[in-house]
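First up is the structure itself, then whatever we jot down about it.
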Ligand SMILES: NC(=O)c1ccc[n+]([C@@H]2O[C@H](COP(=O)([O-])OP(=O)(O)OC[C@H]3O[C@@H](n4cnc5c(N)ncnc54)[C@H](OP(=O)(O)O)[C@@H]3O)[C@@H](O)[C@H]2O)c1
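Numbering (my numbering), first residue to last: -3 to 301.
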């Protein structure tokens, strides 16, 4: 089968489109015939060397977000049948014709959307869910600033926060204003024209998906007792105390119960995937290159089947 592998860390030259053996599921795993896979910043970050810091061993098969059809079941798997349409997070090897998934990490795919759309949901939605609901505990009526509101995580965070009844301020460049407002944002900040700290005050929660200066400046927009949750940076206790707020980093983990709730929101039409570009598996380098430019609207996906 075809797969994407790196044998060393580095630039795009280390990314290889290779022929490998089809993997065999362990007792608690399922083998998925991958239809589409989501392309995420973590993929090129792993290629750049994050893999080493995460304790991964080379060679590494890239790809952690898949949707496809159950091909075979491990001996102990009782919760799926062959032919089921599934989606979710896997630890590696998703950019491939077949991939292994833990049967406890994967969920049935929403029925009313395509595989292409389904590939754009699990990582962004679970990250947003765990950040704004589990950590920041956003409630109805609260004001939330979402930076990178047009990206893979932000575009789902805007919709989840709205579904919860929050007042959402989305931040991206002006070219994404209509997109972000159509996701449900009540207010929009164009970071290329406006210094957001002059316009956004006293929010209950910031969900930062950009990092750097945007992360640092976001503290100024919170009210006392507010919560800053970031997908990118590692906030210190000192910085949080200086502003009288709480701050945390989200570490997205597979969670099938949450993914099933996300599926329900998709089925109810309250959460939509936004795929902006589709590449075939063989064009992985172009896909990673585009992701690395950091201006993806919604999601880049790979078509595999
Ligand atoms: N900790 C975790 O568990 C976790 C999980 C998932 C993702 N992440 C991280 O979260 C980050 C976001 O992921 P993603 O998939 O959403 O990335 P992405 O899709 O590449 O985000 C791109 C979006 O960011 C916007 N953007 C870029 N610079 C901005 C700025 N200065 N202010 C506001 N918006 C800006 C862009 O809008 P414009 O084109 O309009 O500039 C674009 O739509 C990545 O660093 C990723 O590695 C962490």
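Note that the Cβ used here is the ideal one computed from N, Cα and C, for glycine as well.
- residue 211, enclosing alpha helix (DSSP H) - first and last residue: Counting from one through the chain shown, the residue named residue 211 turns up at place 215. Taken as a continuous stretch (DSSP letters only), the alpha helix (DSSP H) holding residue 211 covers 208 to 214.
- Can you check the stretch 37 to 80 for any beta strand (DSSP E) of at least 3 residues that lies completely inside it and give the ranges in chain order? The DSSP assignment places complete beta strand (DSSP E) segments of no fewer than 3 residues inside the stretch 37 to 80 at 61 to 69, in order along the chain.
- Message: Quick check on DSSP: helix, strand or coil for residue 259?
- Response: Here the question's residue 259 lines up with position 263 in the chain shown. DSSP places residue 259 in helix when its eight states are reduced to three.
- Between which two residues does the beta strand (DSSP E) harbouring residue 224 extend? Numbered from 1 along the chain shown, position 228 holds the residue referred to as residue 224. Unbroken beta strand (DSSP E) run through residue 224: 218 to 226.
- Item | Length of the line joining the Cα atoms of residue 120 and residue 238 | Within the chain shown, numbered from 1, the residue matching residue 120 stands at position 124. Within the chain shown, numbered from 1, the residue matching residue 238 stands at position 242. Computed Cα separation, rounded: 30 Å.
- Which class does residue 20 belong to by DSSP, given the choice of helix, strand or coil? As a position in the chain shown, residue 20 is number 24, starting the count at 1. Residue 20 falls in the coil class under three-state DSSP.
- Query: How would you write the range of the alpha helix (DSSP H) that residue 126 sits in, first residue to last?
  - Reply: Start at 1 with the first residue of the chain shown, and residue 126 comes out as number 130. From DSSP, residue 126 is part of no alpha helix (DSSP H); its letter is neither H nor E.
- Query: Looking at the unbroken beta strand (DSSP E) that takes in residue 30, where does it start and where does it end?
  - Reply: To locate residue 30, count along the chain shown from 1; it is residue 34. Where residue 30 is concerned, the enclosing beta strand (DSSP E) stretches over 25 to 35.
- Message: Does the beta-carbon of residue 32, which I'm using as the reference point, lie nearer than 7 Å to any heavy atom of ligand 1?
- Response: By one-based count along the chain shown, residue 32 stands at place 36. The answer is no for residue 32.
- Message: Does residue 275 come out as helix, strand or coil in the three-state DSSP assignment?
- Response: Here residue 275 refers to the residue found at position 279 when the chain shown is read from its first residue. Here residue 275 sits in strand by DSSP.
- Message: Taking only three categories from DSSP, how would you classify residue 170?
- Response: Here residue 170 refers to the residue found at position 174 when the chain shown is read from its first residue. Reduced to three states, the DSSP call for residue 170 is helix.
- Endpoints, beta strand (DSSP E) assigned at residue 241: Along the chain shown, one-based indexing puts residue 241 at 245. Run containing residue 241: none; DSSP gives neither H nor E here.
- Could you tell me whether the stretch 50 to 65 touches the stretch 105 to 124, using the rule of 3 or more Cβ pairs below 8 Å? Segment contact: the stretch 50 to 65 against the stretch 105 to 124, three or more CB-CB distances shorter than 8 Å; contact assigned.
- From residue 53 to residue 33, what distance separates their C-alpha atoms? Counting from one through the chain shown, the residue named residue 53 turns up at place 57. Counting from one through the chain shown, the residue named residue 33 turns up at place 37. Each residue's alpha carbon lies about 22 Å from the other.
- Using the DSSP secondary-structure output, state which residues sit across from residue 105 in a beta bridge. Along the chain shown, one-based indexing puts residue 105 at 109. DSSP lists no bridge partner for residue 105.
- In the DSSP assignment, find the unbroken beta strand (DSSP E) run with residue 95 in it and report its ends. Taking the first residue of the chain shown as position 1, residue 95 is located at position 99. Per DSSP, residue 95 is one residue of the beta strand (DSSP E) stretching across 94 to 98.
- residue 192 to residue 271, Cα distance in whole Å? Residue 192 sits at position 196 when you count from the first residue of the chain shown. Residue 271 sits at position 275 when you count from the first residue of the chain shown. Roughly 27 Å between the two C-alpha positions.
- Query: With 16 as the cutoff for other CB atoms within 10 Å, does residue 136 come out buried or exposed?
  - Reply: The sequence position of residue 136 within the chain shown is 140, counting from 1. The residue in question, residue 136, is exposed, as its Cβ has fewer than 16 Cβ neighbours within 10 Å.
- Message: Is it buried or exposed, residue 55, if we count other Cβ atoms within 10 angstroms and call 16 or more buried?
- Response: Position 59 of the chain shown, counted from the start, is the residue given in the question as residue 55. With fewer than 16 other Cβ atoms within 10 Å, it is exposed.
- Extent of the continuous beta strand (DSSP E) to which residue 280 belongs: In the chain shown, counting from the first residue as 1, residue 280 sits at position 284. Looking at the DSSP string, residue 280 is not in any beta strand (DSSP E); the run it does join, the alpha helix (DSSP H), is 280 to 288.
- Task: Please report the Cβ distance between residue 144 and residue 205, rounded to the nearest whole angstrom; I am assuming they are in contact, meaning their Cβ atoms lie under 8 Å.
- Result: Position 148 of the chain shown, counting from 1, holds the residue named residue 144. Position 209 of the chain shown, counting from 1, holds the residue named residue 205. Confirmed, about 4 Å.
- Could you pull the start and end residues of the alpha helix (DSSP H) that residue 111 belongs to? The residue you call residue 111 lines up with position 115 of the chain shown. Element bounds for residue 111: 111 to 114.
- Message: At a threshold of 7 Å, does residue 227 count as lining ligand 1 (C-beta to nearest heavy atom)?
- Response: Your numbering for residue 227 matches position 231 in the chain shown. Checking the 7 Å criterion, the Cβ of residue 227 is within range of a heavy atom belonging to ligand 1.
- Task: Could you say if the stretch 153 to 160 and the stretch 209 to 222 meet the contact criterion of at least three C-beta pairs nearer than 8 Å?
- Result: The stretch 153 to 160, when compared against the stretch 209 to 222, does not touch it at the 8 Å Cβ threshold.
- Given a threshold of 16 other Cβ atoms within 10 Å of its Cβ, counted over all protein chains shown, does residue 118 qualify as buried or as exposed? The residue labelled residue 118 in the question sits at position 122 within the chain shown. By the neighbour-count rule (16 or more Cβ atoms within 10 Å), residue 118 is buried.
- Query: Does DSSP put residue 138 in a helix, a strand or coil?
  - Reply: Reading the chain shown from its first residue, position 142 is the one you call residue 138. Coil, per DSSP.
- Message: Can you tell me whether residue 37 sits near ligand 1, meaning its C-beta is under 7 Å from at least one heavy atom of the ligand?
- Response: Translated into the one-based positions of the chain shown, residue 37 becomes position 41. Remark: the shortest separation between the CB of residue 37 and any heavy atom of ligand 1 falls under 7 Å.
- Query: Based on Cα-Cα distance, which residue from 46, 182, 262 and 92 lies nearest to residue -2?
  - Reply: Residue numbering aside, residue -2 sits at position 2 when the chain shown is read from its first letter. Considering only alpha carbons, the answer is 92.
- Message: Assuming residue 155 is part of the alpha helix (DSSP H), what are its boundary residues?
- Response: By one-based count along the chain shown, residue 155 stands at place 159. For residue 155, the enclosing alpha helix (DSSP H) has its first and last residue at 150 to 159.
- Message: Short of 8 Å in beta carbon distance, which residues of its chain neighbour residue 302, apart from the five on each side in sequence? Order them along the chain.
- Response: Residue 302 is absent from the structure shown; the chain starts at -3 and stops at 301.
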